[in-house]
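Report on the structure given below.
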Amino acid sequence: MLFGSTAVEDAAGAILGHSVRAGETLFRKGRVLSANDVAALRMAGIGEIVVARLETSDVSENEAAARIAVACAGENIRIGAAFTGRANVYSNTAGLAIIDTALVDAVNAVHESITIATLTPFARVSARQMIATIKIIPFAAPKAAVEAVEKLLQNRTLLRVAPFVSKRAALISTTLPGDKPALLDKSRKTIEERLTAIGSTLVAERRVPHETEALATAIREVEGADPVLILGASAITDRRDVVPAAIEAAGGVIDALGMPVDPGNLLLTGHLKSATVIGLPGCARSPKQNGFDWVLWRIAAGLPVTRKEIAAMGVGGLLSEIPSRPQPRDEQVAETTHMPKITAIVLAAGLSSRMGSNKLLAEIDGKPLIRRSVEAALSSSADSAVVVTGNRNSEVRSALSGLNVQFIDNPDFSKGLSESLKRGLSVVPDGTDGALILLGDMPDVSSAMIDKLVAAFDPVEDRAICVATRHGKRGNPVLWARRFFPEMMAIEGDIGAKQLMAANGDLVCEVEADDDGPLIDIDTPEALAAYRAR
Numbered sequence: 103m104l105f106g107s108t109a110v111e112d113a114a115g116a117i118l119g120h121s122v123r124a125g126e127t128l129f130r131k132g133r134v135l136s137a138n139d140v141a142a143l144r145m146a147g148i149g150e151i152v153v154a155r156l157e158t159s160d161v162s163e164n165e166a167a168a169r170i171a172v173a174c175a176g177e178n179i180r181i182g183a184a185f186t187g188r189a190n191v192y193s194n195t196a197g198l199a200i201i202d203t204a205l206v207d208a209v210n211a212v213h214e215s216i217t218i219a220t221l222t223p224f225a226r227v228s229a230r231q232m233i234a235t236i237k238i239i240p241f242a243a244p245k246a247a248v249e250a251v252e253k254l255l256q257n258r259t260l261l262r263v264a265p266f267v268s269k270r271a272a273l274i275s276t277t278l279p280g281d282k283p284a285l286l287d288k289s290r291k292t293i294e295e296r297l298t299a300i301g302s303t304l305v306a307e308r309r310v311p312h313e314t315e316a317l318a319t320a321i322r323e324v325e326g327a328d329p330v331l332i333l334g335a336s337a338i339t340d341r342r343d344v345v346p347a348a349i350e351a352a353g354g355v356i357d358a359l360g361m362p363v364d365p366g367n368l369l370l371t372g373h374l375k376s377a378t379v380i381g382l383p384g385c386a387r388s389p390k391q392n393g394f395d396w397v398l399w400r401i402a403a404g405l406p407v408t409r410k411e412i413a414a415m416g417v418g419g420l421l422s423e424i425p426s427r428p429q430p431r432d433e434q435v436a437e438t439t440h441m442p443k444i445t446a447i448v449l450a451a452g453l454s455s456r457m458g459s460n461k462l463l464a465e466i467d468g469k470p471l472i473r474r475s476v477e478a479a480l481s482s483s484a485d486s487a488v489v490v491t492g493n494r495n496s497e498v499r500s501a502l503s504g505l506n507v508q509f510i511d512n513p514d515f516s517k518g519l520s521e522s523l524k525r526g527l528s529v530v531p532d533g534t535d536g537a538l539i540l541l542g543d544m545p546d547v548s549s550a551m552i553d554k555l556v557a558a559f560d561p562v563e564d565r566a567i568c569v570a571t572r573h574g575k576r577g578n579p580v581l582w583a584r585r586f587f588p589e590m591m592a593i594e595g596d597i598g599a600k601q602l603m604a605a606n607g608d609l610v611c612e613v614e615a616d617d618d619g620p621l622i623d624i625d626t627p628e629a630l631a632a633y634r635a636r
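The sequence shown begins at 103 in this note's numbering and counts up one residue at a time.
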């Protein structure tokens, strides 16, 4: 890759190395400069800029990140579209992140341009949570380095998610004279919340004296539950103590006593037939994360918890020194980055005055135009889709039969685009991070294009408005952060939100498309005929 200063007039087709402001326009680094961009920079009096130019031995940053992400990903993984040389990897389900740390180190050692960062192994994750990110440091990676990583990962799994499977657990508490039932109730509540948080259920409970025979009988009575959780009235200090003795008396086997995790050192694991039996440490009464959580999560994820696995928990096992550990009852998963939640709003209410009939019902390759647009939204990484109808409402709905969308009618569709926009925004679910505004008459907007917009979206990094472009010309769709919803709800007429975009230029991120899809709409019979002929 070539990198350095060049005269602006020679920069067309090059990659901008550093962001440059030309008047009111901010050209962000990484932009492939068009002839119009060069003209704008020259008009602003800028004579020289820093650019990069790829050579035949290079792989562009987005292609390299995407290829490596695909090579890394195993089961229950979703890969976000690559943007600015970064491809994020997300979990498709709740479970544990299984990461081959040796492979991560090996990938990071291949070449300085290629990096991968992950969560810690066996981290508990929720659906849509980011578990890894691949970042290409310069604007390209050497082709040989990318191929070396792909070869290194061939037939190997660097990361996957082991999903939680619902378990039917039993809790047996032992008591000593003077123990208060209220304390046992509180302990049960805490443990039940732990189970519920990972999709499991407490199906049986026993409270018996802290005696070997009584406890052994209770263990036999809860046969069929798995795991069996035993909360002793006193700590387990030896394999001959009451809890391990009772497990053996019931026909079970002790697998391990003690674990290198604090709090949680005095945990015991064993098994009775196919059921796992856990002697709980006293810290299991607390909602704060402890060694019991680590063991419980692995059991729920169908992972082995033998002496070997427990012995390997020491690195990172000093939990008591982390004052901000989240509590299961307050927070199911530690705060971390998740894939943004996006609602696609498809505007399908217009008059189609230049078409002479409702253009959205016109068929292209045997499919109504509106159905093509909505199917693209549903096939993308958007979480949900809202379709705003108005003109020939029932026919548009019929054209979308069988699709998982929410409809909202706009009886004031004749007043302009803004009315449909506001109707759509009014039903965006709480917790949504942004809304993708998609016009129903654009046949070539693909799910891949939408995915690129979602990947680019990052309000924290000032990418709060993401607009699809082609050769530097802005088109549709546009992804808006939730912060703009109140201002969008105040728009009037048929102008859409262009003025709002112009007023927030520094927050706009242009996302270049691979084809002319963002610029193609069908407004006239002639345009429809030309598109069909093409």
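Yeah, the Cβ is synthetic: ideal placement off N, Cα and C, and Gly gets one too.
Item                                                                                                                                                            : Value
Considering only their Cβ atoms, is the gap separating Ala113 from Leu143 smaller than 9 angstroms?                                                             : yes
DSSP three-state label for Pro586, please.                                                                                                                      : In the sequence on display, residue 586 carries Phe and not Pro. Residue state, collapsed to three classes: helix.
Taking Cβ positions, are Leu359 and Asp328 nearer each other than 9 angstroms?                                                                                  : no
I need the straight-line Cα distance from Ile624 to Lys461, nearest angstrom please.                                                                            : 7 angstroms
Taking Cβ to Cβ, would you say Val448 is nearer than 9 angstroms to Ala479?                                                                                     : yes
Within the continuous beta strand (DSSP E) that includes Leu538, where are the two ends?                                                                        : 536-541
Could you check whether Ala271 and Leu221 sit closer than 9 angstroms to each other, using their CB atoms as the reference points?                              : no
Looking at the structure shown, is Glu150 part of a helix, part of a strand, or coil, going by DSSP?                                                            : strand
How many Å lie between Val110 and Ala557 at the Cα?                                                                                                             : 30 angstroms
Within 10 angstroms of its Cβ, does Gln643 collect 16 or more other Cβ (buried), or is it exposed?                                                              : Nothing about residue 643 can be reported from this structure: the residues present for the chain run from 103 to 636 only.
How big is the Cα-Cα spacing for Pro627 and Tyr633?                                                                                                             : 10 angstroms
Kindly give me the distance between the Cβ atoms of Pro265 and Ala204, rounded to whole angstroms, as I take these residues to be in contact under 8 angstroms. : About 24 angstroms separates the two Cβ atoms, so there is no contact after all.
Secondary structure at Ala661, three-state DSSP: helix, strand or coil?                                                                                         : For the chain, the structure presents residues 103 to 636; residue 661 sits outside this window and is missing.
Which partner residues of Tyr192 appear in the DSSP bridge assignment?                                                                                          : Arg180, Met232
Could you give the C-beta distance for Gly574 and Ser136, rounded to a whole number, given that I count them as a contact under 8 angstroms?                    : 4 angstroms
How close, in whole Å, do the beta carbons of Gly187 and Lys237 come, if the pair is a contact with beta carbons under 8 angstroms?                             : 6 angstroms
Which first and last residues belong to the alpha helix (DSSP H) in which Val417 is found?                                                                      : Premise fails: Val417 is in no alpha helix (DSSP H) and is neither H nor E.
Count Cβ pairs between the region 375-387 and the region 234-250 that sit closer than 8 angstroms; are there 3 or more?                                         : no
Is the CB-CB distance between Pro545 and Ile622 below 9 angstroms?                                                                                              : yes
Kindly indicate which three-state DSSP category Ala632 falls into: helix, strand or coil?                                                                       : helix
Which partner residues does Cys385 have in the DSSP bridge list?                                                                                                : Paired residues: none, contrary to the question.
Would Asp467 be called buried (16 or more neighbouring beta carbons within 10 Å of its own) or exposed?                                                         : exposed
Would you identify the three-state DSSP class for Gln256, choosing helix, strand or coil?                                                                       : coil
So, Val152 versus Thr108, is the Cβ gap smaller than 9 angstroms?                                                                                               : yes
May I ask you to report which of helix, strand or coil DSSP gives Asp560?                                                                                       : strand
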